[in-house]
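Residue numbers (our numbering): 10 to 146. We treat Cβ as the ideally placed atom computed from N, Cα and C, and that holds for glycine. All values derive from a computational prediction rather than experimental measurement.
This is the structure:
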């Protein structure tokens, strides 16, 4: 089990909670018909968010995956390696539970910086926050 968070393109997401949750459920069926590690399909804002996230939480898989040599050289790195799943309008990330607090803080910080939305997938309230820092619903 992992600690999951998601950044998304606020221009593409529904504007109320019920519709958002339906959109999210459809999105996580992963049926868009492309590679889910191809960041080029996302908006420039999501791409910027992703690239900066990698500096704190390196990718487990795909073309940006951390190498075995990098893992061997940095004993702290393994706990921060995360699984990114890239959709057209969202990036879903699975973190180690030991990184939950750090991951939440960094995802929110960078979502604000890059003007993307944030969905607390693992949170009990399933908070959705838009770039203006206000809860969306």
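Need the endpoints of the beta strand (DSSP E) that residue i sits in, please.
i, result
"residue 13", "12 to 17"
"residue 103", "99 to 104"
Where does residue i sit, in a helix, a strand or coil, going by DSSP?
i, result
"residue 125", "coil"
"residue 74", "strand"
"residue 7", "Look at the range of the chain in this structure, 10 to 146, and you will see that residue 7 is not part of it."
"residue 120", "helix"
"residue 45", "coil"
"residue 27", "helix"
"residue 91", "strand"
"residue 68", "strand"
Quick one: measure Cβ to Cβ for residue i and residue j, integer angstroms, because I've assumed they're closer than 8 Å.
i, j, result
"residue 95", "residue 18", "So it is not a contact: roughly 12 Å between Cβ atoms."
"residue 59", "residue 101", "In fact, because the Cβ distance is near 11 Å, the residues do not count as touching under 8 Å."
"residue 67", "residue 46", "Actually they do not touch by this definition, with Cβ atoms about 13 Å apart."
How is the alpha helix (DSSP H) around residue i delimited, first residue to last?
i, result
"residue 65", "53 to 65"
Considering Cα atoms alone, identify which of the options is closest to residue i.
i, options, result
"residue 69", "38, 53 and 105", "105"
"residue 123", "32, 52 and 73", "52"
"residue 54", "132, 21 and 30", "21"
- the region 10 to 24 in contact with the region 111 to 120 per 3-pair CB rule at 8 Å: yes
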